[in-house]
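Converting from the sequence shown to the working numbering requires adding 12 to each position, the first position being numbered 1.
Down below is the structure, laid out as structure tokens.
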Amino acid sequence: MSTVTCELCPHACVIPEGAAGDCRVRVNLGGRLRATTYGRPSAIHVDPMEKKPLYHFHPGSSVFSLATAGCNLHCLNCQNWQLSQRGGEEMEEVYRADPAELVAAAQREGCRSLAYTYSDPIVWYEYVEDTAALAHAQGLTNVFVTAAYINRAPLRRLCRVLDATNADLKAFDDGFYRRVNGATLKPVLDALVTFREEGVWTELTNLVIPTLNDDLAMIRRMARWIVAELGADTPLHLSRFHPEYRMRNLPPTPTETLRTARSAAREAGLNYVYIGNVMGDEGNSTYCPRDGTLLIGRSGFVITHNALTAQGRCPTCDEPIPGVW
Ligand SMILES: [Zn+2]
Numbered sequence: 013m014s015t016v017t018c019e020l021c022p023h024a025c026v027i028p029e030g031a032a033g034d035c036r037v038r039v040n041l042g043g044r045l046r047a048t049t050y051g052r053p054s055a056i057h058v059d060p061m062e063k064k065p066l067y068h069f070h071p072g073s074s075v076f077s078l079a080t081a082g083c084n085l086h087c088l089n090c091q092n093w094q095l096s097q098r099g100g101e102e103m104e105e106v107y108r109a110d111p112a113e114l115v116a117a118a119q120r121e122g123c124r125s126l127a128y129t130y131s132d133p134i135v136w137y138e139y140v141e142d143t144a145a146l147a148h149a150q151g152l153t154n155v156f157v158t159a160a161y162i163n164r165a166p167l168r169r170l171c172r173v174l175d176a177t178n179a180d181l182k183a184f185d186d187g188f189y190r191r192v193n194g195a196t197l198k199p200v201l202d203a204l205v206t207f208r209e210e211g212v213w214t215e216l217t218n219l220v221i222p223t224l225n226d227d228l229a230m231i232r233r234m235a236r237w238i239v240a241e242l243g244a245d246t247p248l249h250l251s252r253f254h255p256e257y258r259m260r261n262l263p264p265t266p267t268e269t270l271r272t273a274r275s276a277a278r279e280a281g282l283n284y285v286y287i288g289n290v291m292g293d294e295g296n297s298t299y300c301p302r303d304g305t306l307l308i309g310r311s312g313f314v315i316t317h318n319a320l321t322a323q324g325r326c327p328t329c330d331e332p333i334p335g336v337w
């Protein structure tokens, strides 16, 4: 009976034969690690790109989005806990689809991208990699929505087939990661830098939770780190918390908190700071950082206005707006 150490994420689970890692889906079968969810998605939807959320990557397009069961984090406020905190065999509904079937289905649905999302696609790494490579061969792009708790070597390899990511930066505080997510901060920061180094278009989401990570000084520190390590043009989505799962004792984030946080992040030097999960807020939209022209207006996931030039520039001052347009 031989144990196997999983080298995919910083948990570095030592897995006895026949058992699974902390993510519930990476299993030691005869001394070899296998993901039991390969080819077995539990959720498939066609979503607007804005729902990932990606605001600077093919805006207004449809993205074929899928997930399997399992996750390497255990966030107390998980929105998808029925998917993430179970193994594949515990799901009522499991589809069967090999990578070629997924890519064909995406094309049938008129999607130019696939998104690996909802649960953390890190734990179905091989399924992502095979599907994403096929998608590239067909001229489609790949979106990876993740908490970025992954080791550098496997991430670097996966980046070869990824085009964009929305990655969580859950708090700029290691203690928060340990208490709320069952993870640590440093590997996440390293992964974000890796995405940038590998040329994957990167947007960040910070879910602002009342009393837990809404400290303005911390948000400023986080914004300064993003400016220094990832660049001032990295979009940051400050997202509204709703009570979920094991965190029902806290109220939804007040809109005013999000607006104040947005101001602080912009003052720290970030050019594109958004407010998420608040319908109709001016923080849903993209403005020219040089002259304030409204470039892309949004209400929720719907684009209400798009003034970007065909070259992705501000129509008023010709400032190039970073993104994949
Ligand atoms: Zn402008």
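Just so you know, even glycine gets a beta-carbon here, dropped at the ideal spot from N, CA and C.
Since we're looking at a predicted model, the values are computed, not measured.
Near ligand 1: aspartate 293 beta-carbon under 6 Å from a heavy atom: Not so, every heavy atom of ligand 1 lies at least 6 Å from the Cβ.
Top-ranked residue by Cα proximity to isoleucine 287, from Val16, Lys63 and Cys21: Comparing Cα-Cα distances from isoleucine 287 to each of Val16, Lys63 and Cys21, the minimum goes to Lys63.
Rounded straight-line distance, which links the Cα of valine 39 to that of asparagine 261: Cα to Cα, the separation comes out at about 35 Å.
Near ligand 1: threonine 305 beta-carbon under 6 Å from a heavy atom: Yes, since a heavy atom of ligand 1 falls inside the 6 Å radius drawn around the Cβ of threonine 305.
Between the CA atoms of glycine 82 and valine 135 - distance to the nearest angstrom: Computed Cα separation, rounded: 7 Å.
Endpoints, beta strand (DSSP E) assigned at tyrosine 286: Run containing tyrosine 286: 285-288, per the beta strand (DSSP E) assignment.
Proline 199 versus phenylalanine 253: straight-line alpha-carbon distance, rounded: Their backbone Cα atoms lie some 24 Å apart in a straight line.
Separation of valine 140 from leucine 307, as counted between CA atoms: Each residue's Cα considered, the two are about 33 Å apart.
Cβ shell of isoleucine 333 (< 8 Å), same chain only, five flanking positions each side left out: Counting only Cβ-Cβ distances below 8 Å, and skipping sequence neighbours, we find His68, Thr298, Cys300, Leu307, Leu320, Gly324, Arg325 and Cys326.
Cysteine 326 Cβ short of 6 Å to ligand 1 heavy atom set: Yes - ligand 1 has a heavy atom lying nearer than 6 Å to the Cβ of cysteine 326.
Collapsed DSSP secondary structure at arginine 38 in the structure displayed: Residue state for arginine 38 is assigned as strand, using DSSP reduced to three classes.
Contiguous beta strand (DSSP E) assignments of at least 3 residues, all confined to the region 98-177: Taken in chain order, the unbroken stretches of beta strand (DSSP E) that lie wholly in the region 98-177 and span 3 residues or more are 125-128 and 153-158.
Pair within 7 Å by beta-carbon distance, phenylalanine 76 and leucine 126: Yes, these two residues count as a Cβ contact at 7 Å.
Residue closest to arginine 44, alpha-carbon to alpha-carbon, out of Ser14, Asn92 and Glu268: Minimum Cα distance to arginine 44 is reached at Ser14.
Whole-angstrom distance between leucine 174 and proline 166, CA atom to CA atom: Approximately 13 Å, taken between the alpha carbons.
Whole-angstrom C-beta distance between leucine 85 and alanine 159, which should lie under 8 Å: Correct: roughly 5 Å between the Cβ atoms.
Counted within 10 angstroms of its Cβ, other Cβ atoms place aspartate 186 as buried (16 or more) or exposed: By the beta-carbon neighbour count (other beta carbons within 10 angstroms, threshold 16), aspartate 186 is exposed.
N- and C-terminal bounds of the beta strand (DSSP E) containing alanine 322: Element bounds for alanine 322: n/a, residue is neither H nor E.
Coil, strand or helix - tryptophan 337 by DSSP: Residue state, collapsed to three classes: coil.
DSSP state of serine 73 mapped onto helix, strand, coil: Three-state DSSP puts serine 73 in coil, outside helix and strand.
Isoleucine 221 (DSSP reduced to helix, strand or coil): In this structure, isoleucine 221 counts as coil in the three-state DSSP scheme.
Which listed residue (Gly72, Gln94 and Arg164) has its alpha carbon closest to that of cysteine 123: Considering only alpha carbons, the answer is Gly72.
Valine 212, DSSP secondary structure in three states: Coil at valine 212, not helix or strand.
Distance cut-off 6 Å: arginine 302 Cβ against heavy atoms of ligand 1: Yes, since a heavy atom of ligand 1 falls inside the 6 Å radius drawn around the Cβ of arginine 302.
Contact set for aspartate 110: own chain, Cβ-Cβ below 6 Å, skip 5 residues either direction: The beta carbon of aspartate 110 is closer than 6 Å to those of Gly51 in its chain, skipping five residues each way along the sequence.
Extent of the continuous alpha helix (DSSP H) to which arginine 232 belongs: In the DSSP assignment, arginine 232 falls within the alpha helix (DSSP H) that extends over 228-241.
Classification of glutamine 150 by the beta-carbon crowding that lies within 10 angstroms, buried from 16 upward: Exposed, because fewer than 16 other Cβ atoms sit within 10 Å of the Cβ of glutamine 150.
Contact belief for threonine 214 with leucine 204 at Cβ below 8 Å, rounded distance in angstroms: Going by Cβ atoms, the distance from threonine 214 to leucine 204 rounds to 7 Å, so yes, they are a contact pair.
Distance cut-off 6 Å: cysteine 90 Cβ against heavy atoms of ligand 1: Flag unset: Cβ of cysteine 90 not near ligand 1.
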